[in-house]
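Novice: All residue numbers for the sequence shown refer to the numbering used here, where the first residue is 46 and numbers rise by one.
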Amino acid sequence: MTVLAAWLVVGAILLLGLTLHRTLVLWLNRGVHPPVRDGTDLLLSGILPGLALVGGLATALGAVHLLRTEVVLFLAAIFMIWRRNDVLAIFIDLGSLAVMGGRATAKGNPFPVLASAAFVGLAMVMSVTALFPAGSADVWAFQIPLAQSIVSHGGFVTPQIDSNFYGNIPLFFNVLFACSLLFVDHWLGPGLLNAAVFLGFLLLLTSCANRWRAAGLLLVFFLIAFQSFFMPGAAVPLTDLPRSCFSVAAVLYLWRYFETSRPSEIVSCALLLGGAVGGKYTELQMVGLIGLALLPSIYRGKLPFSLFLTCLTAFLSLAGYWYAKNLILLGNPIYPFIFGHPGLSDQWMAEYTLELGRAFDPVNRVFVTDFTTRQGWHDFFFIMHDWFLDRRRYAIVALILIIGALIASFRRIFVLVATTAAMFIIWYAVMFNHIRWATPAYLLYFSTAYIGASLIVEKVAASRAAQPGGLIFETAARVRAAQRAVNGHLFAFAVVLVAVVIFCLPAAKFIYRPKGQPYSWMEQGVMNVLIGRQKLDDFLGAQREGYIVYRYIAANDLRTVFQPFDTGSTLYAAAYTGGRDKGWLLPPYMFPESEDDVNAFIRRNNIHYFIRVTEKRELLADRIGAAKFTLAEKTISRMLPESTLLLKDGFGWELYRFDGFSPQ
């Protein structure tokens with residue numbers, strides 16, 4: 046029921062966003078004929094700009110502490126009633142899309158039904174995987190607490206959480222998370238909202254093609270959705286993937302503007318760019334890249350000054366608040382970088398800057414990132430091949446499509462290719478500490494490949510019309526003749542069969558011969574949950590360290606539990622029980638001051654339960670420090686003779702009840 050409630054909330058947010066976007070597009074494109082390509086395009090491409098508009102509205106309400114359930118419901122109801130014709134048009138477009146798909150299927154075209162099945166199937170898989178509590182501590186330490194803080198305050202405070210750094214960075218996507226938490230107080234809401242962002246991006250990319258959109262969606266799935274690089278984080282309440290989707294979508298809208306010159310396209314670009322920059326400082330790079338791409342149009346006068354001001358207003362309405370707030374309150378718009386870091390020590394900032402500027406893995410610190418040297422360029426191309434191309438069939442297919450598009454339509458694809466290359470170079474030169482910081486560049490790489498494929502199809506169609514002869518066209522004509530010779534439905538059945546074999550054969554083989562996981566993006570055991578072979582709780586208990594113990598603690602409301610061996614104990618205990626911490630565990634940084642303080646420490650903190658870990662002891666000692674590990678062991682050794690074992694899991698975790706000190 047929580048999944049259904051969360052999807053209903055996300056669906057309502059999407060409907061509001063689509064209505065806002067439709068209203069804006071029709072206003073911007075007045076006088077343009079036709080104002081939109083068609084209703085289908087407006088529907089497919091409107092999800093991300095719509096979410097950006099919802100986020101902008103929520104930011105405005107949060108700035109004056111009116112981001113509250115009753116206020117949001119009232120304003121949304123008023124707007125939907127006022128724009129009821131637009132709401133009706135959205136449902137009409139949905140119906141038209143279904144009718145067109147049905148007609149195409151009836152005529153023997155299998156692609157609409159395949160694309161619909163793939164989309165629904167992907168949404169269902171993401172709904173299930175969203176139920177898995179995230180394994181990243183950042184979710185429970187920062188992302189969810191930030192969204193909960195926004196909800197509890199009805200808006201923004203300074204700092205938003207008890208962290209001078211994370212409490213003052215741009216929070217656009219946390220505002221979107223808060224919009225879902227207003228109505229469903231569970232981390233599943235933000236997770237499914239992230240899934241909607243990812244699905245919306247896939248639809249936007251599909252809409253960029255002028256023809257064969259249903260078949261194009263299958264190609265998008267092949268290039269992006271079934272990759273282990275993107276899919277695992279699609280339904281996790283982190284901001285990296287949605288921020289990347291917004292950033293790359295801004296580039297796609299820029300490309301659409303160059304193709305159509307419609308004002309709504311460049312304004313949508315500005316909205317999405319504002320959302321991306323409002324979510325993370327690193328996306329300021331995209332402002333420069335898009336600005337460089339627009340310079341020729343501005344110089345030649347093709348971008349009217351009034352439209353430029355509209356774009357600037359749209360951008361600042363989403364991104365401006367966070368930078369203005371930091372400038373006014375902290376004296377630094379990009380706090381804590383470059384201009385000062387009040388509240389953070391110079392030593393902390395120096396260590397953090399060093400961490401950001403070098404590879405996390407010491408093995409990768411041998412690579413030179415200085416592009417003024419020959420070795421720097423050599424290492425850059427080595428990393429591009431080794432990390433992004435080698436043994437990756439999706440990436441090789443994408444590279445072939447990009448090269449083909451450069452040959453077929455160099456002028457139309459050049460902006461996308463140049464932007465992709467620039468993003469990879471910036472990542473390597475400035476942010477080469479982890480591959481995940483390259484997510485926007487890699488996502489744009491595959492997006493460019495898809496648009497390249499559509500341009501190749503257009504070029505072939507145009508060449509065929511202009512020059513009907515030639516070996517390629519004669520071969521294509523023979524294929525079409527053979528298709529007409531065969532019954533249309535038989536041909537459709539063959540296409541469906543091939544698609545099912547490609548996409549579903551791994552799953553079918555897994556059902557009968559389970560071994561490993563059928564798809565590369567799946568965590569070990571996920572498929573068992575999807576097909577109902579294993580319950581979710583059993584899966585999490587087998588895969589997540591501490592899950593069984595923390596669930597037991599919450600279910601029995603045990604207080605206070607001493608768990609010194611898990612530095613994220615309070616975070617994960619909350620994660621596995623809906624996202625809230627009710628004070629079950631002693632904070633992981635609390636230890637006795639010395640061996641002589643052990644008894645007093647136990648009494649002082651009213652410890653009645655403790656967790657003992659019997660495995661990975663050397664790793665734990667290294668993680669929390671040898672001195673603290675020794676104190677933790679002394680404390681547990683003092684309580685253990687007078688304790689009762691309550692629970693033991695498969696990871697060497699043991700939960701004990703401390704029965705109290707025996708009378709002396």
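No residue lacks a Cβ here, since even glycine has one placed at the ideal position from N, Cα and C.
Beta carbon of I656, beta carbon of E699: below 8 angstroms?
Specialist: As a first step, residue 656 is located in the sequence shown; it is residue number 611 there, counting from the start. As a first step, residue 699 is located in the sequence shown; it is residue number 654 there, counting from the start. Contact flag set, yes.
Novice: Who are I343's beta bridge partners in DSSP?
Specialist: Here residue 343 is taken as the residue at index 298 of the sequence shown, counted from 1. DSSP output for I343 lists no bridge partner at all.
Novice: Quick check for students: name the residue ranges of the alpha helix (DSSP H) that lie wholly in the region 368-419, counting only runs of 4 or more.
Specialist: 391-402
Novice: Would you call the region 155-170 and the region 188-197 in contact, with 3 or more CB pairs under 8 angstroms?
Specialist: no
Novice: Taking only the alpha-carbon atoms, compute the straight-line gap between I556 and D230 and give it to the nearest angstrom.
Specialist: Walking along the sequence shown from the start, residue 556 turns up at place 511. Walking along the sequence shown from the start, residue 230 turns up at place 185. Looking at the two C-alpha atoms, the distance is approximately 35 angstroms.
Novice: Can you tell which of I92, S141, C224, A466 has the C-alpha that lies nearest to the C-alpha of E115?
Specialist: Reading the sequence shown from its first residue, position 70 is the one you call residue 115. Considering only alpha carbons, the answer is C224.
Novice: I'd like to know whether the C-beta atoms of L73 and V312 end up nearer to each other than 8 angstroms.
Specialist: For this step, residue 73 is matched to residue 28 along the sequence shown. For this step, residue 312 is matched to residue 267 along the sequence shown. For L73 and V312, yes; Cβs fall inside 8 angstroms.
Novice: In whole angstroms, what separates the C-alpha of L248 from that of L297?
Specialist: By one-based count along the sequence shown, residue 248 stands at place 203. By one-based count along the sequence shown, residue 297 stands at place 252. Spanning the two alpha carbons is a distance of roughly 12 angstroms.
Novice: In three-state DSSP terms, what is Y211?
Specialist: In the sequence shown, the residue the question calls residue 211 occupies position 166. Three-state result, Y211: coil.
Novice: In three-state DSSP terms, what is S688?
Specialist: By one-based count along the sequence shown, residue 688 stands at place 643. S688 falls in the strand class under three-state DSSP.
Novice: Using 10 angstroms around the beta-carbon of H423, count the other beta-carbons present and answer buried if the total reaches 16, otherwise exposed.
Specialist: Locating residue 423 in the sequence shown gives position 378, counting from the first residue. With fewer than 16 other Cβ atoms within 10 Å, it is exposed.
Novice: Quick one: which unbroken alpha helix (DSSP H) runs of 4-plus residues sit fully inside the region 257-297? Chain order, please.
Specialist: 258-265
Novice: Among P633, P609, P387, I547, which residue has its Cα nearest to the Cα of S208?
Specialist: As a working mapping, residue 208 is identified with position 163 in the sequence shown. Nearest C-alpha to S208: P387.
Novice: Could you have a look at R657 and say whether DSSP puts it in helix, strand or coil?
Specialist: Here residue 657 refers to the residue found at position 612 of the sequence shown. R657 falls in the strand class under three-state DSSP.
Novice: Tell me which residues share the same chain as G613 and place their Cβ nearer than 6 angstroms to its Cβ, disregarding the 5 neighbours each side in the sequence.
Specialist: To locate residue 613, count along the sequence shown from 1; it is residue 568. In the same chain as G613, and ignoring 5 residues on each side of it, the C-beta atoms closer than 6 angstroms to its own belong to A182, in chain order.
Novice: Confirm, please, whether the CB-CB distance from F218 to P277 is below 8 angstroms.
Specialist: As a first step, residue 277 must be located in the sequence shown, where it is residue number 232. As a first step, residue 218 must be located in the sequence shown, where it is residue number 173. No; because the gap between Cβ atoms is not below 8 angstroms, this pair is not in contact.
Novice: Apart from the five residues just before and just after P178, which ones in its own chain have a Cβ nearer than 6 angstroms to its Cβ?
Specialist: Locating residue 178 in the sequence shown gives position 133, where the first residue counts as 1. Close CB contacts of P178 within its chain, under the 6 angstroms cut and outside five residues either way in sequence, are with A620, Y621 (chain order).
Novice: Just to check, is the beta-carbon of F455 closer than 7 angstroms to a non-hydrogen atom of the ligand GDP?
Specialist: The ligand GDP is absent from the structure shown, which contains no ligand whatsoever.
Novice: Tell me the DSSP secondary structure of Y366 in three-state form.
Specialist: Locating residue 366 in the sequence shown gives position 321, counting from the first residue. Y366 falls in the helix class under three-state DSSP.
Novice: Do the CB positions of L339 and L348 come within less than 8 angstroms of each other?
Specialist: Walking along the sequence shown from the start, residue 339 turns up at place 294. Walking along the sequence shown from the start, residue 348 turns up at place 303. Result yes, Cβ atoms of L339 and L348 sit closer than 8 angstroms.
Novice: What residue range is occupied by the uninterrupted alpha helix (DSSP H) comprising Y617?
Specialist: Translated into the one-based positions of the sequence shown, residue 617 becomes position 572. 614-620 is the extent of the alpha helix (DSSP H) around Y617.
Novice: For T85 and H66, I'd like the C-alpha separation in whole angstroms.
Specialist: Start at 1 with the first residue of the sequence shown, and residue 85 comes out as number 40. Start at 1 with the first residue of the sequence shown, and residue 66 comes out as number 21. Those two C-alpha atoms are separated by around 14 angstroms.
Novice: Between which two residues does the alpha helix (DSSP H) carrying L89 extend?
Specialist: Here residue 89 corresponds to residue number 44 of the sequence shown, with the count starting at 1. Unbroken alpha helix (DSSP H) run through L89: 84-90.
Novice: So the candidates are P341, N651, L401, P155; which of them puts its Cα closest to the Cα of V540?
Specialist: Along the sequence shown, one-based indexing puts residue 540 at 495. If we check each option's Cα against that of V540, P155 comes out closest.
Novice: Would the beta-carbon of A240 fall within 8 angstroms of that of A279?
Specialist: Along the sequence shown, read from residue 1 onward, the residue named residue 240 stands at position 195. Along the sequence shown, read from residue 1 onward, the residue named residue 279 stands at position 234. Between A240 and A279, the gap from beta carbon to beta carbon is short of 8 angstroms.
Novice: Look up K693 in the DSSP assignment and give the residues it is bridged to.
Specialist: For the purposes of this step, residue 693 is taken as the residue at position 648 of the sequence shown. DSSP lists E699 as partners of K693.
Novice: Tell me, to the nearest whole angstrom, how far the beta carbon of S90 is from that of S252; I am working on the premise that it is less than 8 angstroms.
Specialist: As a first step, residue 90 must be located in the sequence shown, where it is residue number 45. As a first step, residue 252 must be located in the sequence shown, where it is residue number 207. Between S252 and S90 the Cβ distance is about 4 angstroms, and since that is below 8 angstroms, they are a contact.
Novice: How is the alpha helix (DSSP H) around M125 delimited, first residue to last?
Specialist: For this step, residue 125 is matched to residue 80 along the sequence shown. DSSP places M125 in the uninterrupted alpha helix (DSSP H) bounded by 114-127.
Novice: If you run the structure through DSSP and keep just helix, strand and coil, what is L631?
Specialist: Here residue 631 is taken as the residue at index 586 of the sequence shown, counted from 1. Three-state result, L631: coil.
Novice: Does the region 376-383 come into contact with the region 444-452, if we say contact requires no fewer than three beta-carbon pairs (one atom in each stretch) closer than 8 angstroms?
Specialist: no
Novice: How about the region 631-640 and the region 577-594: do they share at least three Cβ pairs that are nearer than 8 angstroms?
Specialist: no
Novice: Helix, strand or coil for F228, going by three-state DSSP, please let me know.
Specialist: Position 183 of the sequence shown, counting from 1, holds the residue named residue 228. Of the three classes helix, strand and coil, the one that applies to F228 here is coil, per DSSP.
Novice: Using a Cβ distance threshold of 8 angstroms, determine whether the region 497-509 contacts the region 411-429, with at least three qualifying pairs required.
Specialist: no
Novice: With burial defined as no fewer than 16 other Cβ atoms inside 10 Å of the residue's Cβ, what is the status of R256: buried or exposed?
Specialist: On the sequence shown, residue 256 is found 211 positions in, with the first residue counted as 1. R256 is exposed by the Cβ-count criterion.
Novice: Between the Cα of P204 and those of N213, H198, Y344, V173, spot the shortest distance and give me the residue it belongs to.
Specialist: Stepping through the sequence shown from its first residue, residue 204 is reached at position 159. Checked all of N213, H198, Y344, V173; the closest Cα to P204 is N213.
Novice: In its own chain, which residues sit with a C-beta less than 7 angstroms from the C-beta of A270, not counting the 5 before and 5 after it?
Specialist: The sequence position of residue 270 within the sequence shown is 225, counting from 1. Cβ neighbours of A270 beyond the five flanking positions: L167, L247, M276.
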